[in-house]
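Going letter by letter, the sequence shown gives residues 0 to 258 in numbering that gives the first Met the number 0.
Below is one structure, written out as structure tokens, with a few remarks after it.
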Amino acid sequence: MSEQQSTDGSAGDADYGAIGTGYSTYRRPDPRIAQALHRALGDARTVVNVGAGAGSYESTAFETTAVEPSRSMREQRPAALPPAIDAAAEQLPFGDGAFDAAMSTFSVHQWSDLEAGLTEMRRVTRGPVVLLTCDPARVRDFWLYEYAPLVLDTEARRYPSIDRITGILGGHATVESVPVPADCTDGFNEAYYARPERLLDPAARQACSAWSFVEPSVREQYTDRLRHALDSGLWDERHGRLRRQSAFDGSLVLVRATP
Ligand SMILES: C[S@@+](CC[C@H](N)C(=O)[O-])C[C@H]1O[C@@H](n2cnc3c(N)ncnc32)[C@H](O)[C@@H]1O
0 MSEQQSTDGS
10 AGDADYGAIG
20 TGYSTYRRPD
30 PRIAQALHRA
40 LGDARTVVNV
50 GAGAGSYEST
60 AFETTAVEPS
70 RSMREQRPAA
80 LPPAIDAAAE
90 QLPFGDGAFD
100 AAMSTFSVHQ
110 WSDLEAGLTE
120 MRRVTRGPVV
130 LLTCDPARVR
140 DFWLYEYAPL
150 VLDTEARRYP
160 SIDRITGILG
170 GHATVESVPV
180 PADCTDGFNE
190 AYYARPERLL
200 DPAARQACSA
210 WSFVEPSVRE
220 QYTDRLRHAL
230 DSGLWDERHG
240 RLRRQSAFDG
250 SLVLVRATP
């Protein structure tokens with residue numbers, strides 16, 4: 000356990016011992032996003048999932064080895080999935096080229112050393128390294144920025160630029176924008192683009208770690224602001240068309256790098 004880890008073992012910038020409870024209730028893998036991810040993994044047989052959390056987006060179609068430093072997150076893995084190994088991206092306990100493919104979803108922005116983590120993923124993987132992450136250049140292009148600016152400023156600061164990611168991974172990289180469906184089951188902030196009321200639920204906000212970086216009193220102010228805009232009809236006046244939009248092209252991207 001590194002010095003940066005909390006008692007829960009969290010190795011990133013968020014303490015999942017404090018905010019991880021209930022994560023798997025609000026952050027259920029979305030089948031349409033899963034399809035895009037699994038397509039990117041191609042015909043791999045063995046896959047390592049780094050920052051695996053409660054097992055979102057792991058498919059039984061692959062022989063998956065999960066890596067997750069937070070105990071709270073490991074404990075939320077369903078019994079049908081293999082238990083996760085307690086390790087961090089920056090030092091993966093596997094040999095060179097041990098896996099056909101590697102994946103990581105909503106995790107790279109939390110690592111203490113992105114370069115070390117991605118270099119490790121590349122080292123242990125023969126084929127594609129596939130990351131589901133957010134493009135920081137697009138994070139603020141979302142209505143939530145009007146109501147909770149510091150939350151999205153935090154997101155934009157934490158997510159590494161796509162150029163930095165592809166530069167570290169090297170080889171040949173493709174970057175694909177992933178549309179967020181209106182009824183997305185994975186409750187990250189943009190998943191609620193057409194259902195703003197859901198963000199009034201404190202547990203839904205807690206499942207998006209950026210909210211935990213903002214003072215509780217500021218979080219309350221932001222929530223009140225959104226509640227008032229919804230009650231007064233202002234939100235619908237400005238953004239109501241999104242309620243009828245089947246998908247949202249936001250900051251979500253799939254990065255796929257082959258050697
Ligand atoms: C937002 S959660 C995503 C979990 C899961 N991949 C998903 O899509 O639901 C981020 C995960 O990254 C893990 N994490 C943070 N820093 C890490 C590191 N340095 N190495 C590996 N995992 C890390 C956290 O413990 C947490 O489980």
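The C-beta atom is built at its ideal place from N, Cα and C for all residues, glycine as well.
Let me confirm a value: residue i is counted as buried when at least 16 other C-beta atoms fall within 10 Å, else exposed. Which label applies?
i: P159; result: buried
i: G239; result: exposed
i: A17; result: exposed
i: D95; result: exposed
i: S245; result: exposed
i: T132; result: buried
i: H227; result: exposed
i: E2; result: With a pLDDT of 38 at E2, under the threshold of 50, the modelled position of this residue cannot be trusted; read the value that follows with caution. Burial call: exposed.
i: S231; result: exposed
i: G249; result: buried
Could you name the residues that DSSP lists as bridge partners for residue i?
i: F98; result: T124
i: Q90; result: A87
i: S69; result: Answer is none; S69 lacks a bridge partner.
i: C133; result: L251
i: V179; result: F247
i: T257; result: H171
Would you say the beta carbon of residue i comes nearer than 7 Å to a heavy atom of ligand 1?
i: Y56; result: yes
i: V66; result: yes
i: F141; result: no
i: Q109; result: yes
i: G166; result: no
i: S9; result: yes
i: R121; result: no
i: F61; result: no
Assuming residue i and residue j are in contact, meaning their beta carbons sit under 8 Å apart, how far apart are those beta carbons, in whole angstroms?
i: S69; j: G116; result: Contact doesn't hold; Cβ gap of about 15 Å is too wide.
i: G186; j: Y25; result: 4 Å
i: Q75; j: Y146; result: About 29 Å; that fails the 8 Å criterion.
Write down every uninterrupted run of the alpha helix (DSSP H) in the stretch 5-65 whose length is 4 residues or greater and which is fully enclosed by it, in chain order. 15-18, 22-25, 30-40
Counting only runs that start and end within the stretch 134-175, where is the beta strand (DSSP E) found for 3 or more residues in a row? none
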